[in-house]
Amino acid sequence: MKLLADAMFANGINFIVWHGMPYNPPGGKNRFYATIHTGPDCNFAQELPEFNQYFERVSGLMRLGKPYGAVAVYLPLEDVWIQNELPEELQRPSARYHWELQYVKFSESVFGFRPFWISSQFLDTAVFEDEKIRIGAMKFDFLYVDVDWLDINALENFIRLAKQGCGICINKKPSQPGFNKDKKYDDLVRELFSQKSVSGVLQKIAKRPPLIEGHLIPEFWCRKIDDDIIIFFSHPMTKSITYPMRYGQSFCETDMDIKIGINYAGHKNEVNLQFKPYQSIILKIDKQGNFKFEDINFVPPKPVIPEIGEQRRSYGIGGYKGTGNTEKA
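Residue numbering for the sequence shown follows the working numbering, beginning at 11 and increasing consecutively.
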């Protein structure tokens, strides 16, 4: 549960409401609920007070200031609509189709910039001013596009922003989706790629180095508080989370040391993130480049790992596609 919570904190969630028993009106007898049981007889009832204090501490810190990121990434909705159904080996109770977005991830090339997803509707209201792309309350340095198919409305918005000077990194020439093709689409693609602020080379578009640099960057979320920033780094094992999660998936006995560079306010700090078993990290950095670690220590009990047969029964293996009914699954 802590591994999952930390994964959510590292992806922008900063308020958690427990839902761990069936919803019922007075006298109701509904027994179904699609979540972890957190009633008074749950297996970790004794740890809940300390666990809730951890939630309160972290979510409180991650509600300070405003979200901070440097790049807006175009969500490849057109691609997943066209791809339609997932291969059988990737299907889960939570997803049968690509457009359910279970497998869409940020490119590693922009991960350190703390990217944010945007769709075509966000582009409709985007403006380029003071060398930043403003989308709602957020401001970004540049846009990143890596798609095979692109709606003409989004394409026209990219051209509009590029003409204003907005930096756009686009990796390939997109194709027009749908059966009703617009004859001017290819001309619009050429117009987009002719703009000086458009390139397929990220280094030409990014005006500054990424916030986080390193060979192995944990999942993280950043908030800006006046001139300072606060960063939550989740334990590296959050990257292993898939649905369904395994019993004991968080099991860890050794420290993990990850060396990263943090670029902020013209300063670069070389930082060693020492992840204790089951622990995540919060780091505060001021505009002078000084940094300190926040105390968010909470050590849950060592997880119990059932035998594979019991895990297979709990997952319902063999009852849905995507497991192959194998011991490996």
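For every residue, glycine included, the Cβ atom is placed at its ideal position computed from N, Cα and C.
Check                                                                                                  : Outcome
Simplified DSSP assignment, three categories, for Met266                                               : strand
Sheet register partners of Gly177 (DSSP bridge)                                                        : Phe152
Contact under 8 Å by Cβ, Leu221 with Arg124                                                            : yes
Stretch-stretch touch, CB-based, cutoff 8 Å, three pairs: the stretch 21-30 with the stretch 44-53     : yes
Coil, strand or helix - Val157 by DSSP                                                                 : coil
Residue closest to Cys176, alpha-carbon to alpha-carbon, out of Arg41, Asp158 and Lys214               : Lys214
Same chain, Cβ closer than 6 Å to Pro313, five either side skipped, listed in chain order              : Gly258, Ser260 and Phe261
For Gly70, the three-state DSSP class (helix, strand or coil)                                          : helix
Where Lys182 sits in the DSSP three-state scheme                                                       : coil
The alpha helix (DSSP H) enclosing Asp1, as first and last residue numbers                             : Absent from the structure is residue 1, since the part of the chain shown begins at 11 and ends at 339.
Beta-carbon spacing of Glu229, Asn21 below 8 Å                                                         : yes
Local conformation of Arg106 per DSSP, three classes                                                   : coil
Residues sharing a beta bridge with Val137, DSSP                                                       : Arg144
Cβ neighbours of Pro187 in the same chain (closer than 8 Å, five flanking residues each side left out) : Glu88, Trp91, Ile92, Trp159, Leu160 and Asp161
Within 8 Å, strictly: CB atoms of Trp231 and Phe65                                                     : no
Where the alpha helix (DSSP H) through Gln213 begins and ends                                          : Leu212 to Ile215
Rounded straight-line distance, which links the Cα of Asn40 to that of Arg256                          : 27 Å
Check whether Val267 and Arg218 have beta carbons under 8 Å apart                                      : Residue identity differs from the one stated: residue 267 is Asp in this sequence, not Val. No. Outside cutoff.
Ala216 Cβ short of 7 Å to the ligand SAM heavy atom set                                                : Within the structure as shown, the ligand SAM is missing, as the structure has no ligands at all.
Ala17 versus Gly75: straight-line alpha-carbon distance, rounded                                       : 20 Å
Glu337 (DSSP reduced to helix, strand or coil)                                                         : Because the pLDDT at Glu337 is just 42, under 50, the model does not fix this residue reliably, and the point stays unresolved.
Pick from Ser119, Phe138 and Ile145 that is closest to Ser130, judged by C-alpha positions             : Ile145
Alpha-carbon to alpha-carbon, Tyr253 and Phe242                                                        : 23 Å
Distance CB(Cys179)-CB(Ser209) smaller than 8 Å                                                        : yes
Nearest-angstrom Cβ-Cβ length linking Phe285 and Pro310, presumed shorter than 8 Å                     : Not quite, the Cβ-Cβ distance comes to about 14 Å (not below 8 Å), so this is no contact.
C-alpha gap between Leu165 and Asn282, whole angstroms                                                 : 42 Å
Burial state of Gly122 (16 or more Cβ within 10 Å)                                                     : buried
Asp238 versus Ser290, Gln63, Glu280 and Gly276, residue with shortest Cα-Cα distance                   : Gly276
Best match in Lys183, Asn190, Ser119 and Phe189 for proximity to Asp196 [C-alpha to C-alpha]           : Lys183
Euclidean distance between Cα positions of Ile227 and Val81                                            : 17 Å
Complete runs of the beta strand (DSSP E) confined to the stretch 218-288 [at least 3 residues]        : 230-235, 238-243, 266-274 and 277-285
Pairwise C-alpha distance: Gly299 and Arg106                                                           : 46 Å
For Phe301, the first and last residue of its enclosing beta strand (DSSP E)                           : Phe301 to Glu304
Trp91: first and last residue of the uninterrupted alpha helix (DSSP H) it sits in                     : Leu87 to Gln93
Expected contact under 8 Å - CB spacing of Ile291 and Phe303 to nearest Å                              : 7 Å
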